[in-house]
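S.K.: Each residue of the first sequence is one higher than the last, beginning at 519 in our numbering. Note that beta-carbon positions come from the ideal geometry of N, C-alpha and C, so glycine has one too. This is the structure I want to talk about, given as structure tokens.
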Amino acid sequence: MKTELAKDFIRQIIDEDIENNSSREVITRFPPEPNGYLHLGHAKSICLNFSVAEEKKGKTFLRFDDTNPVKEDEIYAESIKEDVSWLGYNWEDRLTFASDYFGDLYQAAITLIKKGLAYVDNQNAEEMKNNRGTLTEPGKNSEFRDRAINENLDLFKKMKSGDFDDGEMVLRAKIDMSSPNMNLRDPVIYRIRKYNHQRTKDKWCIYPMYDFAHALSDAFEGITYSLCTLEFQDHRPLYNWFIEQLETDHRPRQIEFSRLNLAYSLTSKRKLNDLIEKNIVDGWDDPRLVTISGMRRRGYPPESIIDFCQRVGVTKKDNIIEMALLENCVREELGNSTQRRMGVLDPIKVTIKNYDKDNIEYLEAQNHPKIPEFGSRKIPFTNEIFIERSDFLEDAPKKFFRLKPGGEVRLRYAYIICCEEVIKDSNGEIKELICTYDPDTKSGSGKSEKKVKGTIHWVSKKHAITSEVRLYDRLFHDHNPGSSEDIQSSINPKSLKISKAKLEESLGEENAPNSFQLERNGYFCLDAKLSKTGKRVYNRVVTLRDTWAKIEKAALSG
RNA sequence: UGGGGUGUAGCCAAGUGGUAAGGCAACGGGUUUUGAUCCCGUCAUUCGCAGGUUCGAUCCCUGCCACCCCAGCCA
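Here it is in structure tokens:
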């Protein structure tokens, strides 16, 4: 935990409850539907549910809300488990499925019918829609609403035994067709779906709806706080209605909080799915996506995601969090946990004409500027090296501290060099720089008093390994791409740039770290999906803060 | 024009009937062989707006405004 955080309103409610009744347990649940992959918004919910319970020595269930066999699949359930674990949470023996309760749910429906609180409706979807009314007009009672209890019982049993086709009948709660809350206008609680369920196979052909299954599953598991997002606020009266009418042993309490939105990204399963189907991205784990699997592949440490979720807080206010906060969390975590290396993303060759071309000098380089325990390594220096193209400017502004014609710069851990000559090709593009070095300025030798303003990174040409490095930018131009249905038009065509980078020799070693900082270039991580033996592909996780870029930008605009 | 929510800085977010925490961003300065990190400093006379109650209101009351959610046999 990096910052002292004030208690959010949910924790305050829980604290008050505990004060009023010291025996009250904290049992929460994370209830995903296995019909897609988890994203950053889910991470917020996971973090909230698990940490709130953890803080009070309570428990959290991972419960799959698998009540719609048409949309759900086991592969999603597997990925969800992997993602939750990766974030660092453990549900222990509390892995459950709404489908575990299908039998109990069925009995609960029977109870409702017997109490005269549910009825079988023959209306089709179209008719039901027409009779539901509108936001300002009440609905109309179904002509089947006052069926006898025995008839309802009989019909419901026939629904279960497969006597009717999909859509022919539904079971509805009998509440109030004129309620201003649409959820209370006799909601459907069971529908017929002659479809193989991923877990119960063909045992059932009727499936409970979310409101019914969710409220009761919470009650069955003894959930004390059922935390969900704001759009379920209007469902709370229905949630409570089921709990009250069925007189369950446990009475869970639903509390809603606002979902997380991240600027320039999408946190909607449906829209994410769209991107994948249209091949705009490389699957659910594309590193530009804020799916958990995408962020994992990108190289975001789970700790940074948890830290982020803690910092954004929990309220009922709509929000769009800036990407900068997430990136700050990632940098902070990686800064303290990764070793430093050197690598050139866009190389330009430098020949040091006064350095013996047959000589190879091994120079000492620290693996971390502040953590000596990370040790050091030796890097080879020769007369031909690569430096970053952007570290040389022919026409440099006064405050440009890097290399320019006739100017000097320090090569990190090596010598100070001076640019003597610029060699260009027929197109005017710089092909090579001819420099001289000052032998007295060897790093750490203390022989020279010479000081230069700039230090740049470099790699020995002879020893460099060429690797594919993927540089990312935001996937969307639109601050809130989710607000539009036209996702395509806000796609940033330059969100992925592939570079043939020159990396220092040590990154080719067997025990080379999988994630590291390339000094002055950012944090990088091996792409587990694209890398093969003999071919390593790296993702830039995040850049370093770049105040020079800011100065340049300000100079351009001002 | 029904119901349910929400409005505190550019983005998040505390807060109390006694005079606006913190983080991110931004800006200025110091240290630095990463223009990184780190450190220091600046950044709301005002809490959606208008009235009212009060010695005193961001907090209590009234009215208004803005935004979000709801008319699936999805979750």
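Could you check what DSSP says for residue 838 in three-state terms: helix, strand or coil?
M.R.: Your numbering for residue 838 matches position 320 in the first sequence. Coil.
S.K.: Report all residues from its chain with a CB closer than 7 Å to the CB of residue 961; omit the five preceding and five following residues, and keep chain order.
M.R.: Numbered from its first residue, the first sequence carries residue 961 at position 443. Correct list, in chain order: 881, 931, 932.
S.K.: To the nearest angstrom, how far is it from the Cα of residue 560 to the Cα of residue 747?
M.R.: Numbered from 1 along the first sequence, position 42 holds the residue referred to as residue 560. Numbered from 1 along the first sequence, position 229 holds the residue referred to as residue 747. In a straight line, the C-alpha of residue 560 is about 10 Å away from that of residue 747.
S.K.: Helix, strand or coil for residue 1023 per DSSP?
M.R.: Counting from one through the first sequence, the residue named residue 1023 turns up at place 505. If DSSP states are grouped into helix, strand and coil, residue 1023 belongs with the helices.
S.K.: Check residue 827 in the structure and name its three-state DSSP category.
M.R.: On the first sequence, residue 827 is found 309 positions in, with the first residue counted as 1. Residue state, collapsed to three classes: helix.
S.K.: Whose C-alpha, out of 896, 542, 889, 937, is nearest the C-alpha of residue 910?
M.R.: Taking the first sequence and counting its residues from 1, one reaches residue 910 at position 392. Residue 910 has its Cα closest to that of 937, out of 896, 542, 889, 937.
S.K.: Taking C-alpha atoms, which residue in 1072, 917, 1019 lies nearest to residue 1054?
M.R.: Position 536 of the first sequence, counted from the first residue, corresponds to residue 1054. With distances taken between Cα atoms, residue 1054 lies closest to 1019.
S.K.: Check whether the Cβ atoms of residue 940 and residue 902 lie closer than 9 Å to each other.
M.R.: Within the first sequence, numbered from 1, the residue matching residue 940 stands at position 422. Within the first sequence, numbered from 1, the residue matching residue 902 stands at position 384. Not a contact, by the Cβ cut-off of 9 Å.
S.K.: Taking the beta carbon of residue 1084 as the centre, do at least 16 other beta carbons fall within 10 Å, making it buried, or is it exposed?
M.R.: Coverage of the chain is limited to positions 519 through 1076, which leaves residue 1084 absent and any answer about it impossible.
S.K.: Which residue or residues does DSSP assign as beta-bridge partners of residue 1043?
M.R.: Position 525 of the first sequence holds residue 1043. Beta-bridge pairing links residue 1043 to 1033, 1057.
S.K.: Please state if the CB of residue 955 and the CB of residue 873 are separated by a distance shorter than 9 Å.
M.R.: In the first sequence, the residue the question calls residue 873 occupies position 355. In the first sequence, the residue the question calls residue 955 occupies position 437. Against a cut-off of 9 Å, the Cβ pair of residue 955 and residue 873 comes out as a contact.
S.K.: To the nearest angstrom, how far is the alpha carbon of residue 752 from that of residue 737?
M.R.: Looking up residue 752 in the first sequence gives position 234. Looking up residue 737 in the first sequence gives position 219. Whole-angstrom Cα-Cα distance: 19 Å.
S.K.: DSSP three-state call for residue 741: helix, strand or coil?
M.R.: The residue you call residue 741 lines up with position 223 of the first sequence. Of the three classes helix, strand and coil, the one that applies to residue 741 here is coil, per DSSP.
S.K.: Tell me whether the segment 785-795 and the segment 751-765 touch, counting them as touching only if at least three CB pairs, one residue from each stretch, are closer than 8 Å.
M.R.: Segments in contact, no.
S.K.: On the DSSP letters alone, give me the boundaries of the alpha helix (DSSP H) that residue 613 sits inside.
M.R.: Looking up residue 613 in the first sequence gives position 95. No alpha helix (DSSP H) holds residue 613; the beta strand (DSSP E) holding it covers 613-615.
S.K.: Tell me, to the nearest whole angstrom, how far the beta carbon of residue 829 is from that of residue 843; I am working on the premise that it is less than 8 Å.
M.R.: On the first sequence, position 311 is the one that residue 829 refers to. On the first sequence, position 325 is the one that residue 843 refers to. At roughly 7 Å, the Cβ-Cβ gap stays under 8 Å, so residue 829 and residue 843 are in contact.
S.K.: Any heavy atom of the ligand FAD inside 8 Å of the beta-carbon of residue 616?
M.R.: Only the bare structure without any ligand can be found here, which leaves the ligand FAD out of the picture.
S.K.: May I have the straight-line CA-CA distance separating residue 1064 from residue 565, to the nearest angstrom?
M.R.: As a position in the first sequence, residue 1064 is number 546, starting the count at 1. As a position in the first sequence, residue 565 is number 47, starting the count at 1. Each residue's Cα considered, the two are about 31 Å apart.
S.K.: Nearest by alpha-carbon distance to residue 718: which of 587, 784, 673, 755 is it?
M.R.: One-based indexing of the first sequence puts residue 718 at position 200. When each option's Cα is compared against that of residue 718, the closest is 587.
S.K.: Where do the ends of the alpha helix (DSSP H) carrying residue 566 lie?
M.R.: Along the first sequence, read from residue 1 onward, the residue named residue 566 stands at position 48. Note, residue 566: alpha helix (DSSP H), 558-573.
S.K.: Does the beta-carbon of residue 684 have 16 or more other beta-carbons within 10 angstroms, so that it is buried, or is it exposed?
M.R.: As a working note, residue 684 is residue 166 in the first sequence. So residue 684 ends up on the exposed side.
S.K.: Closer than 8 Å by C-beta to residue 925: which residues in its own chain qualify, once you throw out the five before and the five after it? Chain order, please.
M.R.: On the first sequence, residue 925 is found 407 positions in, with the first residue counted as 1. Cβ within range, chain order: 914, 936, 937.
S.K.: Given this structure, state the Cα-to-Cα distance separating residue 897 from residue 1023, to the nearest angstrom.
M.R.: As a first step, residue 897 is located in the first sequence; it is residue number 379 there, counting from the start. As a first step, residue 1023 is located in the first sequence; it is residue number 505 there, counting from the start. Rounded to the nearest angstrom, the two C-alpha atoms are 7 Å apart.
S.K.: Where in the segment 633-673 do unbroken runs of the beta strand (DSSP E), each at least 3 residues long, occur, reported from the N-terminal end onward?
M.R.: Complete beta strand (DSSP E) runs here, min 3: 636-639.
S.K.: Residue 550: buried (16+ other C-beta within 10 angstroms of its C-beta) or exposed?
M.R.: Mapped onto the first sequence, residue 550 falls at position 32. Result: buried.
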